[in-house]
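K.L.:
This is the structure, below, for whatever I ask next.
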Amino acid sequence: MKRVRKFHNLLYERYCDLEWWPAETPFEVILGAILTQNTNWKNVESALDNMRNLGLLEPKALLLAEMDVIKNAIRPSGYYNQKAFKIVRFMEWFDEIANCSIAALDTVDTTELRNALLSIKGIGPETADDILLYAFQRPVFVVDTYTYRIAVRHGWTPPDITYDALAEMLSSAVDNDINLMKNFHAMIVEVGKNYCKKRKPDCEYCPGKTALPENGPAELF
DNA sequence: CACCAGGCAAGTA
DNA sequence: TACTTGCATGGT
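Each residue of the first sequence is one higher than the one before, counting from 1 in the working numbering.
Below, the structure written as structure tokens:
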């Protein structure tokens, strides 16, 4: 889709290279990906700070931690009962398949790795793709709530599109390059924060703000 | 007070 | 299959 390519180019003019994801280590990326499910990133940072202070950003230490300790640490990120189990289930898989070594997964095919992640209860397509892209360095396209909202609001797709179909539609419009995939998603999150969840009746474009004020909404809609 | 935030799984009909 | 609901804290 030419519109998608143009959208990407406009975003790049505005944001250039954002160098995402905000984390110290690839392992921290994984935990952040789980903790940020339907959650504001500030709350996730607070949870990660707690984990850091407890030494739980080391995989083997996290494996040994009591469930109640994990729950208490991640409490600020919300859904902490569910997320604690998600983290533990991921850790059991990670320890089993790779002895908690990301490098040990380098030989695994991306599709196979994605399916393995998706088989872990609590890890859905977006979390899996966050992990694949930002922790495992695989060139996959991440569809998040902003991506979906932008695509629908711009009229690129009807709202009932599936995750995989939207990922395919958007990723096929640009080069399949890992750094581009990382930056495209990063830029979408940045601009996506300007799109309100619901259209407001008094707004010409969608919410209360236009997507890229510098370029003007006409470029995008 | 209402609404939202970088989802996901389980329940219902 | 196609909706709906629970999960939960913290900010606006």
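The beta carbon of each residue, even a glycine, is placed where N, CA and C say it ideally should be.
#1: Considering only C-alpha positions, which residue in the set F27, L118, H8 is nearest to H185?
#2: Since R5 is in the alpha helix (DSSP H), which residue starts that stretch and which ends it?
#3: Between the C-alpha atoms of C196 and R149, what's the straight-line distance to the nearest angstrom?
#4: Could you tell me the boundaries of the alpha helix (DSSP H) in which N43 lies?
#5: On the DSSP letters alone, give me the boundaries of the alpha helix (DSSP H) that A165 sits inside.
#6: If you check the beta carbons only, do I30 and F90 fall under 8 Å apart?
#7: In or out: R114 buried (at least 16 other Cβ within 10 Å) or exposed?
#8: Let me know the secondary structure DSSP gives H185 once reduced to three states.
#9: Within its chain, find whatever has a CB closer than 6 Å to the CB of A47; leave out the 5 residues flanking it on each side and keep chain order.
#10: Under 8 Å between the Cβ atoms of I178 and F136?
#11: Kindly give me the distance between the Cβ atoms of K193 and L133, rounded to whole angstroms, as I take these residues to be in contact under 8 Å.
#12: Can you find the residues in the same chain that come closer than 7 Å, C-beta to C-beta, to L180, ignoring five residues on each side of it along the sequence?
#13: Less than 8 Å between the CB atoms is what I'm expecting for Q82 and G122, so what's the real figure, rounded?
#14: Is A167 buried or exposed, if buried means 16 or more other CB atoms sit within 10 Å of its CB?
#15: In the structure shown, what three-state DSSP assignment does Q82 receive?
#16: If you compare alpha carbons, which of P159, V44, T147, E66 is closest to E28?
#17: Going along the chain, which residues of its own chain have a beta-carbon closer than 6 Å to the beta-carbon of N50, five neighbours each way excluded?
#18: Put L18 into one of helix, strand or coil per three-state DSSP.
#19: Taking Cβ to Cβ, would you say D129 is nearer than 8 Å to V189?
#20: Beta-carbon within less than 7 Å of P159's beta-carbon, same chain only, minus the 5 sequence neighbours each way: which residues are those?
P.N.:
The structure says:
#1: H8
#2: 2-15
#3: 9 Å
#4: Per DSSP, N43 belongs to the alpha helix (DSSP H) from 41-53.
#5: 163-171
#6: yes
#7: Result: buried.
#8: helix
#9: L35, I74, P76, S77
#10: Contact: no.
#11: Actually they are not in contact, since the Cβ atoms of K193 and L133 sit about 20 Å apart, beyond 8 Å.
#12: V174
#13: Correct: roughly 7 Å between the Cβ atoms.
#14: Result: buried.
#15: helix
#16: Of P159, V44, T147, E66, the residue nearest in Cα terms is V44.
#17: A73
#18: coil
#19: no
#20: These residues qualify, in order along the chain: V152.
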